[in-house]
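Colleague: Dumping the structure here so I can ask a few things about it.
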Amino acid sequence: MPLRPLTTLAILLLLTAACDRTAPTDAAPHDNTTPAEDAEHPDPDTPDEEDAPPQEPGPECPTTAAEPTAVFLTWQSDPTTTMTIDWHLTDEPHRTSLCFRGLGDDQWTREVDAVEVPIPHLERRVFRAEITDLEPGHTYEFQVGDFARVYRLETMPSSIDDEPLVFAAGGDTQHAPQFFELMNAPIMEHDPAFIAWGGDLAYADGGSHPDHVQRWEAWFDVIHRTLVTDEGRVVPILAGIGNHEVVDGYYHRHDDFEQTDEWREEVAPYYYSFFAFPGQPGYGVLDFGDYLSLPFLDSDHTNPVDGLQTEWLASVLQERADAGFTHIMPTYHVAAFPSHRDFNDPIPERIRTHWVPLFEEHGVRLVFENHDHTYKRTHAIRSLAVEPDGIIYVGDGSWGVLPRVGDSRTEWYIEEFVSDFHGLIVTLHGDDFHVRAINPGGEVLDEFGTAH
Ligand SMILES: [Fe+2]
Ligand SMILES: [Fe+2]
Numbered sequence: 312m313p314l315r316p317l318t319t320l321a322i323l324l325l326l327t328a329a330c331d332r333t334a335p336t337d338a339a340p341h342d343n344t345t346p347a348e349d350a351e352h353p354d355p356d357t358p359d360e361e362d363a364p365p366q367e368p369g370p371e372c373p374t375t376a377a378e379p380t381a382v383f384l385t386w387q388s389d390p391t392t393t394m395t396i397d398w399h400l401t402d403e404p405h406r407t408s409l410c411f412r413g414l415g416d417d418q419w420t421r422e423v424d425a426v427e428v429p430i431p432h433l434e435r436r437v438f439r440a441e442i443t444d445l446e447p448g449h450t451y452e453f454q455v456g457d458f459a460r461v462y463r464l465e466t467m468p469s470s471i472d473d474e475p476l477v478f479a480a481g482g483d484t485q486h487a488p489q490f491f492e493l494m495n496a497p498i499m500e501h502d503p504a505f506i507a508w509g510g511d512l513a514y515a516d517g518g519s520h521p522d523h524v525q526r527w528e529a530w531f532d533v534i535h536r537t538l539v540t541d542e543g544r545v546v547p548i549l550a551g552i553g554n555h556e557v558v559d560g561y562y563h564r565h566d567d568f569e570q571t572d573e574w575r576e577e578v579a580p581y582y583y584s585f586f587a588f589p590g591q592p593g594y595g596v597l598d599f600g601d602y603l604s605l606p607f608l609d610s611d612h613t614n615p616v617d618g619l620q621t622e623w624l625a626s627v628l629q630e631r632a633d634a635g636f637t638h639i640m641p642t643y644h645v646a647a648f649p650s651h652r653d654f655n656d657p658i659p660e661r662i663r664t665h666w667v668p669l670f671e672e673h674g675v676r677l678v679f680e681n682h683d684h685t686y687k688r689t690h691a692i693r694s695l696a697v698e699p700d701g702i703i704y705v706g707d708g709s710w711g712v713l714p715r716v717g718d719s720r721t722e723w724y725i726e727e728f729v730s731d732f733h734g735l736i737v738t739l740h741g742d743d744f745h746v747r748a749i750n751p752g753g754e755v756l757d758e759f760g761t762a763h
């Protein structure tokens, strides 16, 4: 089947973007005083504050350069009260801490020491700090290392009963940095609170060749250039593992496979060092207050689907179901219900055997899948049949990779199929979820959910 006209348009746009692309600039430090701040924080000489005790001076935060090479936010703990901040630099650092304050504070209130994260074969240096004890639904400002640029971060709300939470999801992000960048632009129009990607990130294959390392550098540079809002808010990212994070893609292609941290780090050195979450053993779960739980799973890349990981998943899902989480949305790379590859391939079959029954048992309603480089939405599925109260599987990972052609609607489980680049805009409000798949032109390819 020929590419859809839209896909052709998207590729033309990509090629244009590739030609026009300008190098990242050493932007001047952002002015960190906004009219809104002025309004919220009147002049300290006003009568109301005359009797206030003298304020302790905040930490000194001298800066010597404009902005770091890259900044990357993620979470290791509850996103309503924490944030993990990484920054990358290419020079020798003078200062290895970050300064932090609430939006509107007129001086820095906290200085937090960072640790250096060793990244093999990489010339740039990476520092990491986790900020804890934050207020839910608040905006904060921070400044990293020696750099003057002031960034913002937002903690997630404590509840989604009144205001909806909007995030983006997808996977397979970078055949070429230009593709990656082109999809990020319409996603940012929706102001996502965070992005969840299910593997095949930089397509660096875990290798140590300079070309592979440079793919990671390009990936982080695109994020720094395109996933920071005009106000300086950095969009946090949750990154699952895919075959292109791993030497030879899958654990069973390695004769020396062993289920240890050392072995996993050896075959996926960048994934385990660049991303604080999920960290070892390569799968993990992130709980947003008591309303959203996101398990990130490893579909046979550095851990078998079955065995220890399935046992862990069973207990995680049981605990979240018992705790009353409304939204439990697993993310992983290889699709259990593929839209390009064969339904009877061994990994999809293993996922359907070991994970899908657990999803069905514990109230999962939506699952994010990737790897096939197509857009699909399945019918609602339960016990391998179309059922109204079943689970919808959406994917299949073509954020920044060339979409594969075809039309898998002939498969019993596929309800919608499109061959196009796409990212998912997911809106959660109370018990409802709503999903829109959009392409680089911002066109809505598909839309579904429980909300009306
Ligand atoms: Fe891929
Ligand atoms: Fe893949």
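Reading the sequence shown from the start, the letters are residues 312 to 763 in the numbering used here. Glycine is no exception: its CB is placed at the ideal position from the N, C-alpha and C atoms.
1. On the criterion of 16 or more Cβ atoms from any shown chain inside 10 Å, does Asn495 qualify as buried, or is it exposed?
2. What residue range does the beta strand (DSSP E) around Trp666 cover?
3. Would you say the beta carbon of Asn495 is closer than 7 Å to some non-hydrogen atom of ligand 2?
4. With a Cβ-Cβ cutoff of 8 Å, do Tyr582 and Gln620 count as a contact?
5. Please report the Cβ distance between Tyr686 and Ala748, rounded to the nearest whole angstrom; I am assuming they are in contact, meaning their Cβ atoms lie under 8 Å.
6. By the DSSP assignment, the beta strand (DSSP E) with Phe490 in it spans what residues?
7. Comparing C-alpha positions only, which one of Val737, Tyr643, Glu698 sits nearest to Asp616?
8. Is Asp511 close to ligand 1? I mean its beta-carbon at under 7 Å from any heavy atom of the ligand.
9. On the DSSP letters alone, give me the boundaries of the beta strand (DSSP E) that Leu628 sits inside.
10. Run the proximity test for Gly553: is its beta-carbon closer than 7 Å to any non-hydrogen atom belonging to ligand 2?
11. What residues in its chain sit with their C-beta under 6 Å from that of Thr537, if we drop five residues either side in the sequence?
12. Between which two residues does the beta strand (DSSP E) containing Ile725 stretch?
13. Sorry if obvious, but does the Cβ on Val712 come closer than 7 Å to a heavy atom of ligand 1?
14. With 8 Å as the threshold, decide whether the Cβ of Trp508 is near any Cβ in chain B.
15. Would you say His651 touches ligand 1, meaning its beta carbon is less than 7 Å from a heavy atom?
16. Going straight from the alpha carbon of Trp530 to that of Gln454, what length do you get?
17. Quick check: what's the CA-CA separation for Phe438 versus Ala632?
18. For His673, is the beta carbon positioned less than 7 Å from some heavy atom of ligand 2?
19. Roughly how many angstroms separate the alpha carbons of Ser610 and Ile662, rounded to a whole number?
20. Output needed for Asp424: all residues of its chain with C-beta closer than 6 Å, excluding positions within five of it in sequence on either side, in chain order.
21. Sort out for me which residues DSSP pairs Ile471 with in a bridge.
22. Closer than 7 Å: is that where the CB of His690 sits relative to any heavy atom of ligand 4?
23. Starting from Phe585, trace the alpha helix (DSSP H) both ways and give me its first and last residue.
24. If you drop the 5 nearest sequence neighbours on each side, which residues of the same chain put their C-beta closer than 7 Å to that of Leu756?
25. Buried or exposed for Ser650, please, with buried defined as at least 16 other CB atoms from any protein chain shown within 10 angstroms of its CB.
26. Count the other C-beta atoms from every protein chain shown that fall within 10 angstroms of the C-beta of Glu680, then say buried if there are 16 or more, exposed otherwise.
27. May I ask you to report which of helix, strand or coil DSSP gives Asn655?
28. Smallest Cα separation from Glu427: which of Cys410, Leu400, Thr484?
29. Look up Trp508 in the DSSP assignment and give the residues it is bridged to.
30. In the DSSP output, which residue or residues are listed as bridge partners for Asn681?
31. Got a sec: does ligand 1 put a non-hydrogen atom nearer than 7 Å to the Cβ of His684?
Modeller: In terms of the structure at hand:
1. Classification of Asn495: buried, given that the 10 Å Cβ count is 16 or more.
2. Membership of Trp666 in any beta strand (DSSP E) is not indicated, and neither H nor E is assigned to it by DSSP.
3. No, ligand 2 has no heavy atom inside 7 Å of this Cβ.
4. For the 8 Å CB-CB criterion, Tyr582 and Gln620 do not form a contact.
5. Cβ atoms of Tyr686 and Ala748 come within 8 Å of each other, at about 6 Å.
6. No beta strand (DSSP E) contains Phe490, which is instead part of the alpha helix (DSSP H) from 488-500.
7. Residue identity differs from the one stated: residue 616 is Val in this sequence, not Asp. Checked all of Val737, Tyr643, Glu698; the closest Cα to Val616 is Tyr643.
8. Indeed, a heavy atom of ligand 1 lies less than 7 Å from the Cβ.
9. No beta strand (DSSP E) contains Leu628, which is instead part of the alpha helix (DSSP H) from 619-634.
10. Indeed, a heavy atom of ligand 2 lies less than 7 Å from the Cβ.
11. A distance below 6 Å between beta-carbons, with the five flanking residues on each side excluded, links Thr537 to the following residues of its chain, in chain order: Glu492, Asn495.
12. That run of the beta strand (DSSP E) goes 725-729.
13. Correct: Val712 has its Cβ closer than 7 Å to ligand 1.
14. Given the protein chain composition of this structure (a single chain), no chain B is represented.
15. No, the Cβ of His651 stays beyond 7 Å of every heavy atom of ligand 1.
16. Between Trp530 and Gln454, the alpha-carbon positions lie close to 22 Å from each other.
17. The straight-line gap separating the alpha-carbon atoms of Phe438 and Ala632 is approximately 36 Å.
18. It does not: the Cβ of His673 is nowhere closer than 7 Å to a heavy atom of ligand 2.
19. Computed Cα separation, rounded: 8 Å.
20. So the list reads Ser408, once near-sequence residues are dropped.
21. Answer is none; Ile471 lacks a bridge partner.
22. Judged by which ligands are present, ligand 4 is missing from the structure shown, whose ligands are ligand 1 and ligand 2.
23. Unbroken alpha helix (DSSP H) run through Phe585: 580-585.
24. Around Leu756, the same chain offers Tyr686, Val729, Asp731, His733, Ala748, Ile749, Asn750 as residues with beta carbons nearer than 7 Å, after the five sequence neighbours per side are excluded.
25. It is buried - the Cβ of Ser650 has at least 16 other Cβ atoms within 10 Å.
26. By the C-beta density criterion, Glu680 is buried, having at least 16 other C-beta atoms within 10 angstroms.
27. When DSSP states are grouped into helix, strand and coil, Asn655 belongs to the coil group.
28. Nearest option by C-alpha distance: Leu400.
29. According to DSSP, which records beta bridges pairwise, Trp508 is partnered with Gly481, Ala550.
30. Val645, per the DSSP bridge assignment.
31. Inclusion of His684 in the 7 Å shell around ligand 1 follows from its C-beta lying nearer than that to a non-hydrogen atom of the ligand.
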